[in-house]
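Enquirer: Residue numbers (full-length UniProt numbering): 1 to 255. Cβ atoms here follow ideal geometry from the backbone N, Cα and C, with glycine treated the same way.
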């Protein structure tokens, strides 16, 4: 409980509010929980502690998202995207060991710059697309990039969203696929950072504390998602990416 005991009450309240917001956005658009958490928590605590804090909410909320339509559809999504999933898991395990060797500014910029560029370009009308015969090399490349970013930062959503967008994946399926991919990756992230020392007996209580607000937020977000059509869903997704990405860039530049 050492980490929690060191926090001022207002820091804990802000952390809980960030967890609630991250859960709501996750429920509404299917991703961005770790991005919002590392962006928000990283503004009030050390980056490695923010990374540890998001791990348990990421594992549990992604499991809930993946299984929302049942076990069968979740397994089918995993089968259809198994190569992408395997690459994400492998690269998360490898790159997680680099966290201790990167500065906070480098970490924030590595995440924030590509997130912002992708989201802005999409909002301006650019569409990532590729012919069916090129799907496999694109899947391999994007999966490796997503896993590498995920192990370092706990964030592997943007490359995955770009990949699913390029495939014109329908809203409900896209959300379920993301839950499967992020959920499996989150378990790997947990194991990798138990090994790296980021997630330990001192940081685990903070991560566990954030499960409740994230869960409440996600339940509310599911209700919002059910009311959105495909166009509003996509726009909301990209706006969240821009906001989170710019905040990470700010942290990377200003320290």
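Look up residue 37 in the DSSP assignment and say whether it is helix, strand or coil.
Expert: Walking along the chain shown from the start, residue 37 turns up at place 37. Helix.
Enquirer: Quick check for students: name the residue ranges of the alpha helix (DSSP H) that lie wholly in the stretch 3-31, counting only runs of 4 or more.
Expert: If we require 4 residues or more, the alpha helix (DSSP H) runs fully inside the stretch 3-31 come out as 9-29.
Enquirer: Give the single residue among 184, 231, 227 whose Cα lies nearest to the Cα of residue 169.
Expert: Stepping through the chain shown from its first residue, residue 169 is reached at position 169. When only C-alpha atoms are compared, the closest one is 231.
Enquirer: Report the residue ranges of all alpha helix (DSSP H) runs contained in full by the stretch 149-181; include only those spanning at least 4 residues, in chain order.
Expert: For the stretch 149-181, whole alpha helix (DSSP H) runs of length 4 or above, ordered along the chain, are 157-166.
Enquirer: Excluding five sequence neighbours on each side, which residues of the same chain lie with their C-beta closer than 6 Å to the C-beta of residue 83?
Expert: Within the chain shown, the letter at position 83 stands for residue 83. 139, listed in sequence order.
Enquirer: Please classify residue 130 as buried or exposed, where buried requires at least 16 other C-beta atoms within 10 Å of its C-beta.
Expert: Within the chain shown, the letter at position 130 stands for residue 130. Its Cβ having fewer than 16 others within 10 Å, residue 130 is exposed.
Enquirer: At what residues does the alpha helix (DSSP H) containing residue 258 begin and finish?
Expert: The requested residue 258 does not occur in the structure, where the chain is confined to residues 1 to 255.
Enquirer: Is residue 129 helix, strand or coil by DSSP?
Expert: As a working note, residue 129 is residue 129 in the chain shown. The answer is coil: DSSP assigns residue 129 none of H, G, I, E or B.
Enquirer: With a threshold of 8 Å on Cβ separation, who are the neighbours of residue 20 within its own chain once the five nearest residues in sequence on each side are excluded?
Expert: Against the chain shown, residue 20 aligns to sequence position 20. Once the five neighbours on either side are set aside, the close Cβ partners of residue 20 are 213, 214, 216, 217.
Enquirer: State yes or no: is the C-beta of residue 53 within less than 8 Å of the C-beta of residue 207?
Expert: Residue 53 sits at position 53 when you count from the first residue of the chain shown. Residue 207 sits at position 207 when you count from the first residue of the chain shown. A contact, by the Cβ cut-off of 8 Å.
Enquirer: So, at 6 Å on beta carbons, what are the nonlocal neighbours of residue 77 in its own chain, with the 5 sequence-adjacent residues on each side left out?
Expert: Counting from 1 along the chain shown, the entry for residue 77 is found at position 77. For residue 77, where only same-chain residues beyond five positions count, the Cβ hits under 6 Å are 176, 177, 180.
Enquirer: Examine the Cβ distances between the stretch 54-65 and the stretch 81-95 and report whether three or more of them are shorter than 8 Å.
Expert: The stretch 54-65 is not in contact with the stretch 81-95.
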